[in-house]
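Following: one structure in structure tokens, then a few remarks.
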Amino acid sequence: MNYLEKAFSIGGVKIDPPLALAPMAEVTDTYYRSLIKELGGVGLVVSEFISAEGLTRKNDRSHQMLTFAENERPVAIQIYGGNPDRMDDAAAIVERQGVDIVDINMGCPVKKIVNSGAGSAMLKDFDKAARVVEKIRKRVKIPVTVKVRKGWESNDVLPLLKRFEEIGVSSIAIHGRTRNEAYTGASDWQYIAHVKANLGIPVFGNGDVKVAADAIRMFETTGVDGVMIGRAALHNPFIFRDIAAYVAGTPLVGNEVEHRIDAMQRYLAKIDGAPQLDKWKLHKARTVIGWFSKGIPHGKDIRLGLQDITAVSDVQRLLDATRERMLFGPADSAA
Ligand SMILES: Cc1cc2nc3c(=O)[nH]c(=O)nc-3n(C[C@H](O)[C@H](O)[C@H](O)COP(=O)(O)O)c2cc1C
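With the working numbering applied, the sequence shown covers 423 to 757.
Next comes the structure, spelled out in structure tokens:
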């Protein structure tokens with residue numbers, strides 16, 4: 423079976439192919455998302471989480487995070503917050519922005535977030551979580567989706583997901599770890615299969631898809647409608663395209679150095695043209711190029727070179743030099 427041909431719809435928004443870039447704070451901003459979209463193979467991209475407090479209190483940075491490019495569509499913006507009265511106002515702001523889907527974060531395990539009652543803390547109080555989602559559902563016309571973990575400690579989140587389904591949530595994404603597990607152990611794909619089997623709305627499975635073959639294994643073993651991928655896309659932005667190549671039986675491109683350098687150059691061009699401060703651009707260049715250079719020949723040289731940069735153009739020159747060396751210089755397999 424070709425799982426990638428099984429497109430589906432989230433409240434009328436077509437997800438084709440059925441693969442999603444997971445929301446990642448400080449990562450999946452408009453520049454990163456539009457790069458992943460350009461490289462191909464992804465059916466939905468989701469923003470980093472945005473504070474409902476920040477949006478409703480007119481915080482500049484939160485509002486800047488709403489930016490998206492037309493080429494990203496369909497695009498979901500994710501919000502988080504612990505105050506039920508602010509979440510639907512934030513969802514209305516997201517809807518006004520013109521995005522396709524509003525997603526609610528009920529999975530973040532970070533102390534600062536859960537201490538404010540947001541993220542995975544929502545999974546401790548099903549009544550409150552359902553109230554928040556119902557209010558949002560009534561407030562906006564665009565599809566509402568929720569991203570959850572298995573539970574807070576060991577509790578079973580399925581009864582809450584059934585309530586979400588009744589309320590009119592259009593899709594669920596489930597990461598197969600509890601809040602207490604944070605990122606330890608393995609994502610429980612059996613539990614993901616259990617959730618899928620008991621819901622009528624589309625389900626994205628999430629957690630531990632590291633290479634293309636894992637995505638297909640997740641479709642096969644869990645029956646999910648879609649596969650959502652986070653960390654693997656940090657190192658290999660071609661992961662989605664690689665899944666299509668894997669299914670077609672053609673060579674994967676994600677670990678080839680020239681493709682990685684091409685992705686890095688595209689990313690740099692995007693951030694260089696962004697309205698943000700130079701300090702932000704340098705920080706982004708260092709971190710994202712640091713990730714993208716992992717596991718490829720000459721990668722170590724690139725990362726060493728990043729220590730001396732003072733402008734985005736320095737990184738562009740560094741990559742040009744690496745490309746030259748790759749074509750004409752002695753082979754260096756340091757990854
Ligand atoms: C750097 C980073 C930031 C993340 N930020 C968010 C976030 O803002 N919202 C969210 O729902 N999940 C967030 N996550 C969790 C991912 O969306 C995903 O559920 C998790 O990484 C498991 O999937 P993976 O094994 O494919 O990475 C984040 C994960 C990472 C590594």
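Virtual Cβ for every residue (Gly too), placed ideally from N, Cα, C. These numbers come from a predicted model, not from an experiment.
Discussion item. Buried or exposed, going by whether 16 or more other CB atoms sit within 10 Å of the CB of residue 750?
Written reply: exposed
Item to complete: From the DSSP output, read off the bridge partner residues of residue 625.
Response: 594
Discussion item. Let me check one thing: in DSSP terms, what residues is residue 571 bridge-paired to?
Written reply: 597
Worksheet item: In its own chain, which residues sit with a C-beta less than 6 Å from the C-beta of residue 488, not counting the 5 before and 5 after it?
Response: 519
Discussion item. Quick check on the DSSP output: the alpha helix (DSSP H) that includes residue 580 runs from which residue to which?
Written reply: 580 to 589
Worksheet item: DSSP on residue 564, reduced to helix/strand/coil?
Response: coil
Item to complete: Spell out a yes or no on whether the region 738 to 750 and the region 680 to 694 are touching, meaning 3 or more CB-CB pairs, one atom from each, closer than 8 Å.
Response: yes
Worksheet item: Just curious, the beta strand (DSSP E) that residue 431 is in, first and last residue?
Response: 430 to 432
Worksheet item: Okay, do the region 630 to 643 and the region 696 to 713 touch, 3+ Cβ pairs below 8 Å being the bar?
Response: Judged by Cβ distances under 8 Å, the region 630 to 643 makes no contact with the region 696 to 713, as fewer than three pairs qualify.
Practice prompt. Could you check how far apart the C-beta atoms of residue 441 and residue 465 are, in whole angstroms? I think they sit under 8 Å.
Written response: Residue 441 to residue 465, Cβ: 5 Å. Contact.
Worksheet entry | Backbone secondary structure at residue 687 - three-state DSSP | helix
Item to complete: Assign residue 482 to one of three DSSP states: helix, strand, or coil.
Response: In this structure, residue 482 counts as helix in the three-state DSSP scheme.
Fill in: Collapsed DSSP secondary structure at residue 738 in the structure displayed
helix
Worksheet item: Thinking just about the alpha-carbon of each residue, which of 644, 740, 498, 599 is nearest to the one in residue 721?
Response: Taking each of 644, 740, 498, 599 in turn and checking the Cα distance to residue 721, the smallest one comes out for 740.
Worksheet item: Apart from the five residues on each side of it in sequence, which residues of its chain come closer than 7 Å, Cβ to Cβ, to residue 546?
Response: 574
Discussion item. If we require 3 or more residues per run, which beta strand (DSSP E) segments fall completely within the region 633 to 716?
Written reply: Those beta strand (DSSP E) runs which fall completely within the region 633 to 716 and span 3+ residues are 648 to 651.
Worksheet item: Straight-line CA distance for residue 543 to residue 735?
Response: Rounded to whole angstroms, residue 543 to residue 735 spans 43 Å at the Cα level.
Discussion item. I want to check one thing, is the minimum distance from the CB of residue 501 to the heavy atoms of ligand 1 below 7 Å?
Written reply: no
Item to complete: Indicate the three-state DSSP secondary structure (helix, strand or coil) for residue 470 in the structure shown.
Response: strand
Worksheet item: Any chance the region 565 to 572 sits against the region 525 to 544, with 3 or more Cβ pairs inside 8 Å?
Response: yes
Fill in: Own chain, CB closer than 6 Å to residue 602, minus 5 neighbours either side, in chain order
Hits under 6 Å: 575.
Fill in: Counterpart residues of residue 454 in DSSP-defined beta bridges
Answer by DSSP bridge pairing: none, since residue 454 is not bridged.
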